[in-house]
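A short write-up of the structure that comes next.
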Amino acid sequence: MKELERERDALLHGLEVVERARDWYRQQIQAVQQRQKHVRQGFGDKDYVADPLQNRAFLLLARIQEVNCCLGDLIASSGK
Numbered sequence: 001m002k003e004l005e006r007e008r009d010a011l012l013h014g015l016e017v018v019e020r021a022r023d024w025y026r027q028q029i030q031a032v033q034q035r036q037k038h039v040r041q042g043f044g045d046k047d048y049v050a051d052p053l054q055n056r057a058f059l060l061l062a063r064i065q066e067v068n069c070c071l072g073d074l075i076a077s078s079g080k
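Sequence positions in the sequence shown follow full-length UniProt numbering and run 1 to 80.
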C-alpha cells in the first residue's frame with residue numbers, strides 16, 4: 001500500500017511540474033515569436049549567432065530537447 005501511495009504522490013508531483021512546464025513553454029514560445037517579429041521588422045540583430053546570449057540559448061535548447069526526449073521515453077515506456 002505504501003508503494004502505491006508513493007507512486008501516486010510522485011505522479012501528482014509530476015503533474016504539477018508538467019503544468020508549470022506547459023506555462024513556461026508557452027511563455028518561451030511567445031518570447032521567440034516576439035524576437036522573430038523584431039528581426040523581420042529590422043529591429044533585431046540578424047546575426048543572432050554573434051549574440052553573447054547565444055551560448056545560453058544553445059544550452060537551453062539542448063536541455064529542452066533532452067527533457068522532451070525523456071518525457072517521450074517515459075510515455076512510450078508506460079505503454080500508453
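Think of the CB as a built atom: it goes at the ideal place given N, C-alpha and C, for glycine as much as any other residue.
Residue i in three-state terms, based on DSSP
| i | result |
| --- | --- |
| Leu53 | coil |
| Phe43 | coil |
| Gly72 | helix |
| Gly79 | coil |
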